[in-house]
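Colleague:
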Amino acid sequence: ILKLITKHFYLHSLIPNDSNEYFLTDEIWIISVKEMYDFYIKYDLRNIWAYMWMNWYQKDHWILWARAANSDELCLFKTTMLIESHWKVVKQDFLPKFFRPRLDLMVFIIINRLLP
209 ILKLITKHFY
219 LHSLIPNDSN
229 EYFLTDEIWI
239 ISVKEMYDFY
249 IKYDLRNIWA
259 YMWMNWYQKD
269 HWILWARAAN
279 SDELCLFKTT
289 MLIESHWKVV
299 KQDFLPKFFR
309 PRLDLMVFII
319 INRLLP
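Every position in the sequence shown, counted from 1, becomes a number in the working numbering once 208 is added.
1) Let's see if you can read the secondary structure: which residues bound the alpha helix (DSSP H) around tryptophan 261?
2) Taking C-alpha atoms, which residue in Met262, Asn228, Leu212 lies nearest to leucine 323?
3) Expressed to the nearest angstrom, what Euclidean distance is found between the alpha-carbon atoms of glutamate 235 and aspartate 268?
4) With a CB to CB cut of under 6 Å and the five nearest residues on each side skipped, what residues in its chain are close to lysine 327?
5) Give a yes or no on contact between the region 236–250 and the region 269–277, applying the rule of three or more CB pairs nearer than 8 Å.
6) So, using beta-carbon positions, are leucine 347 and phenylalanine 247 closer together than 8 Å?
7) Is any beta-carbon of chain D found at less than 8 Å from that of isoleucine 317?
8) Helix, strand or coil for histidine 269, going by three-state DSSP, please let me know.
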């Protein structure tokens with residue numbers, strides 16, 4: 209349950225999903241609600257679903273905690289964490305022997321290895 213809530217928290221209309229698709233705020237809310245509902249029905253957790261719906265997933269409550277509720281901007285702190293995490297992976301995967309790689313090397317790696 210916590211993994212699903214965390215996943216729904218991080219969804220945002222400015223960040224594509226794994227299939228490189230962008231969703232509107234309302235679409236993200238509908239997808240999140242449907243995913244939670246299906247999970248609770250599958251495992252026969254109707255009482256927990258009732259609690260989650262009444263306190264977390266109704267639109268009035270969802271906009272208070274979900275990042276996607278504000279579709280025009282991203283939280284600066286979470287965005288910085290995403291970028292730092294991305295660069296950490298790039299450095300570990302492609303630049304393990306370089307302490308301070310040159311900019312041209314970084315651009316080359318991004319263009320040739322990271323972009324589809």
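Virtual Cβ for every residue (Gly too), placed ideally from N, Cα, C. Keep in mind the model is a prediction, meaning the values are calculated, not measured.
Modeller: A quick look at the data gives this:
1) Here tryptophan 261 belongs to no alpha helix (DSSP H), and DSSP marks it neither H nor E.
2) Closest by alpha carbon: Asn228.
3) When rounded, the distance between both Cα atoms is 15 Å.
4) Because the chain is modelled from 209 through 324, residue 327 falls outside the range shown and cannot be assessed.
5) Touching, yes, given that three or more Cβ pairs across the two stretches are closer than 8 Å.
6) Because the chain here runs from 209 to 324, residue 347 falls outside it and cannot be looked at.
7) The structure shown has no chain D; it contains just one protein chain.
8) Reduced to three states, the DSSP call for histidine 269 is helix.
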